[in-house]
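Residue 552, in the numbering used here, is where the first sequence stops; the numbers in between run on with no holes.
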Amino acid sequence: MAAPTGNVMERIVALCKRRGFIFQSSEIYGGINGFWDYGPLGVELKRNLKDAWWNDMVRNPPLGPGNVEYQMVGVDCSIIMHPQVWKVSGHYDLFADLMVDCKECKRRFRADKVFIAVIGGDLPQPRGVFGIEADGLAGALEELPNALTAWAKGKNEAEFKKAEVVRTGAEPTVNTHKGSYVVQVHELGKLPAGVPRLCANCWGELTEPREFNLMFQTYVGALIDEESKAFLRPETAQGIFVNFKNVTDTTRVKVPFGIAQVGKSFRNEITPRNFTFRSREFEQMEIEFFCHPSESRQWYEYWRDVRLRWYTNLGLTSSKLRLREHDKDELSHYSCGTSDIEYAFPFLAEGDFGELEGVAHRGDFDLRSHMEGKLVNRDGQLVVDTGPDGKPRWKGSGKDLTYFDDERKERFVPHVIEPSAGADRATLAVICEAYTVDESRPSPELMRFHPRLAPVKAAIFPLVNKDGLPEIAEPLYREVKKRWPAQYDAKASIGKRYARMDEAGTPYCFTVDGQTKEDGTVTVRDRDTGAQQRIDKSRVVEFLAEKLASAM
RNA sequence: GCGGGUGUAGCUCAGUGGUAGAGCGUCACGUUGCCAACGUGAAUGUCGUGGGUUCAAGUCCCAUCACCCGCUCCA
Numbered sequence: 001m002a003a004p005t006g007n008v009m010e011r012i013v014a015l016c017k018r019r020g021f022i023f024q025s026s027e028i029y030g031g032i033n034g035f036w037d038y039g040p041l042g043v044e045l046k047r048n049l050k051d052a053w054w055n056d057m058v059r060n061p062p063l064g065p066g067n068v069e070y071q072m073v074g075v076d077c078s079i080i081m082h083p084q085v086w087k088v089s090g091h092y093d094l095f096a097d098l099m100v101d102c103k104e105c106k107r108r109f110r111a112d113k114v115f116i117a118v119i120g121g122d123l124p125q126p127r128g129v130f131g132i133e134a135d136g137l138a139g140a141l142e143e144l145p146n147a148l149t150a151w152a153k154g155k156n157e158a159e160f161k162k163a164e165v166v167r168t169g170a171e172p173t174v175n176t177h178k179g180s181y182v183v184q185v186h187e188l189g190k191l192p193a194g195v196p197r198l199c200a201n202c203w204g205e206l207t208e209p210r211e212f213n214l215m216f217q218t219y220v221g222a223l224i225d226e227e228s229k230a231f232l233r234p235e236t237a238q239g240i241f242v243n244f245k246n247v248t249d250t251t252r253v254k255v256p257f258g259i260a261q262v263g264k265s266f267r268n269e270i271t272p273r274n275f276t277f278r279s280r281e282f283e284q285m286e287i288e289f290f291c292h293p294s295e296s297r298q299w300y301e302y303w304r305d306v307r308l309r310w311y312t313n314l315g316l317t318s319s320k321l322r323l324r325e326h327d328k329d330e331l332s333h334y335s336c337g338t339s340d341i342e343y344a345f346p347f348l349a350e351g352d353f354g355e356l357e358g359v360a361h362r363g364d365f366d367l368r369s370h371m372e373g374k375l376v377n378r379d380g381q382l383v384v385d386t387g388p389d390g391k392p393r394w395k396g397s398g399k400d401l402t403y404f405d406d407e408r409k410e411r412f413v414p415h416v417i418e419p420s421a422g423a424d425r426a427t428l429a430v431i432c433e434a435y436t437v438d439e440s441r442p443s444p445e446l447m448r449f450h451p452r453l454a455p456v457k458a459a460i461f462p463l464v465n466k467d468g469l470p471e472i473a474e475p476l477y478r479e480v481k482k483r484w485p486a487q488y489d490a491k492a493s494i495g496k497r498y499a500r501m502d503e504a505g506t507p508y509c510f511t512v513d514g515q516t517k518e519d520g521t522v523t524v525r526d527r528d529t530g531a532q533q534r535i536d537k538s539r540v541v542e543f544l545a546e547k548l549a550s551a552m
């Protein structure tokens, strides 16, 4: 076969299509943006990955810090939940961002991050107007001198090129060689009549603020009205939080313990891109780990390390993986620490990494929210978000989600560590990692999946499709496939059959040949090295069991 | 959402307004007897989709969808 052409990612996408790992959703109708299907090999691969996660994290998790045992249990929650869940969790407000676009430079801003400065605002005709991009009004005032300089230079406003900004009283003043002007800085949502919305980048005209809703909406019941509106979950985590009390009431788990869930989530991403990396429908593997507040830091560090190790154990090379601790200004308002586990996907620029999993220290934010109502950060304190009437903006359940620790004789709201992994992203990383081109091989393209993840574990071939060889190979195949996904192939040359298995990532091929008839041995061919050895055909299942077990 | 590029067989891609093509893959038969071997044959196309121009459109024009790249966005 000719050497593969095109860039690495294009070749990976082509192989995924060609061999049935991943197809575009609704392809015969032209596809649908942001949705993908797994084919026969892909579904096995992804299932193996999810099974590995469930086994390693839920059924048989590693020992905790100081070799303590802890409990892990699972749940499987509905995708559509009570709409109040999303209002209290903050998704409803956060996902409905107002955005503005610049009609000229085409940049997009969050409406609450754009401020309009009016110079000489006390005059009927302001001396100048420009936009400032900043986080909050205070930030906008801080940013004013830089924004003014940029505007003066960009719009060639000679008078203001060397202007000085001074703060006197409530409003800043701009001093130039010609005079001094009061500056008013307005929030975009509270612009006085007649003040234009201008871009903070090119000072062009901005659109009206427009709503971007990142949650998928649907209606529960046949009657479509505002009352019946509901949402497809944008994360699996909330199902765990709202079942916290159910789990502690019914399972005898004791803090520290974790609840895990694997399932689909939905987000109306603005720009789905990069193959399956950013999809609108995706699958998550999430753990919410509940612990005493005094131990939360050590559990956070524990999970961060456990999760990173899990990926390396499944064959992702450490040089392409990294753990990135979020900066303070990058943290969500509730988080006391977050690390991303990232992978150097081939579709990213050299040196860039894409998120596989976030491990977040969420404090008591989630359980408290579902007790008290939606929380906001006010001066470093998480308090219930209240409306103009002083009542909670979004009411919590009012249920007691505190935990009584019998050993400590103490009641508290557990802190939460959340390792939240993307099943599709991990699958994609595994595919990218496995994809190998070795021009020295007769079959240059192969998928070097970790044997535990390989969609097909073994292939059984008669060297030729006659001379009594199929009569030996077929029973062997039936024996193997009782335990693992296996394939039988009697067609084409032996080299072509090996090559097909290389592309599917099958780690071992067993070939029945003339010698098998004499001494009962078959050859085992190793995918990665091409090396062969002979073993007795009665040992094939044992051989595979050893190889697949040691691979864990 | 913006700008640029691409879209023809399962994959990779040729195709000058005038008959829809190649290589690989797939399937069958033969040969072969441990690494995409060889021979013979076969199947496979809404030329992304919808309009328009034209005697005639894969080719030109318009719209639209999808994918890739760059912005933007990603709680």
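Ideal placement from N, C-alpha and C gives every residue a C-beta, glycine not left out.
In summary, residue 549 is exposed, with fewer than 16 beta-carbon neighbours lying within 10 Å of its beta-carbon over all protein chains present. Here residue 250 carries a helix assignment [DSSP, helix/strand/coil].
In the structure shown, the three-state DSSP call for residue 125 is coil.
Restricting attention to 14, 423, 497, the CA atom closest to the CA of residue 443 is found in 497. When secondary structure is reduced to three states using DSSP, residue 29 falls in the helix class.
Contact annotation, residue 242 with residue 230: C-beta distance approximately 14 Å; criterion of less than 8 Å not satisfied.
If you ignore the 5 residues before and after residue 280, its C-beta comes within less than 7 Å of the C-beta of 34, 35, 266, 267, 268, 269, 272, all in its own chain and listed in chain order. Where residue 369 is concerned, the enclosing alpha helix (DSSP H) starts and stops at 365-372.
Within its own chain, the residues whose Cβ lies closer than 6 Å to the Cβ of residue 312, once the five positions on either side in sequence are excluded, are 318, listed in chain order.
Sequence-distant partners of residue 462 (beyond 5 residues in either direction) whose C-beta falls short of 6 Å from its own C-beta, in its chain, are 469, 470, 473, 490, 512.
The three-state reading of DSSP puts residue 201 in coil, since its state is none of H, G, I, E or B. Per the coordinates, the alpha-carbon of residue 350 lies some 21 Å from the alpha-carbon of residue 308. The continuous stretches of beta strand (DSSP E) do not include residue 331, and DSSP gives it neither H nor E.
In the DSSP assignment, residue 339 falls within the beta strand (DSSP E) that extends over 337-343. Around the beta carbon of residue 68, fewer than 16 other beta carbons sit within 10 angstroms, so the residue counts as exposed.
Here residue 131 really is in contact with residue 203; their C-beta atoms are around 7 Å apart, less than 8 Å. Excluding sequence positions up to five before and after residue 476, its CB lies within less than 8 Å of the CB of 460, 510, 512, 522, 537, 540, all in the same chain and listed in chain order.
Annotation for residue 455: 41, 44, 45 place their beta carbon closer than 6 Å to its own, counting only its chain and skipping 5 residues before and after. Collapsing the DSSP output to three states places residue 215 in coil. In this structure, residue 258 places its C-beta atom within 8 Å of the C-beta atom of residue 287. A distance of 8 Å or more separates the beta carbons of residue 157 and residue 200.
The distance from the Cβ of residue 300 to that of residue 361 is about 4 Å, consistent with a contact at the 8 Å cut-off.
When DSSP states are grouped into helix, strand and coil, residue 158 belongs to the helix group. Under the 8 Å Cβ criterion, the region 233-252 does not count as touching the region 424-438, having fewer than three qualifying pairs. When DSSP assignments are scanned along the region 8-76, the uninterrupted stretches of alpha helix (DSSP H) that are 4 or more residues long and fall wholly within it turn out to be 8-19, 40-53. In the displayed model, residue 148 falls within a helix according to three-state DSSP. Residue range 423-434 is occupied by the alpha helix (DSSP H) that includes residue 432. For residue 359, the closest alpha carbon among the candidates 485, 101, 326, 413 is that of 326. Contact annotation: residue 367 and residue 293 have beta-carbon atoms that are not nearer than 8 Å.
Approximately 18 Å separates the beta-carbon atoms of residue 282 and residue 51; this is outside 8 Å, ruling out the contact. Counting other Cβ atoms within 10 Å of its Cβ, residue 492 stays below 16 and is therefore classed as exposed. Shown here, residue 264 sits in a strand according to DSSP, grouped into three states. Rounded to whole angstroms, residue 144 and residue 84 show a C-alpha spacing of 40 Å. It is roughly 7 Å from the alpha-carbon of residue 486 to the alpha-carbon of residue 480. In this structure, the straight-line span from the alpha carbon of residue 546 to that of residue 450 is close to 14 Å.
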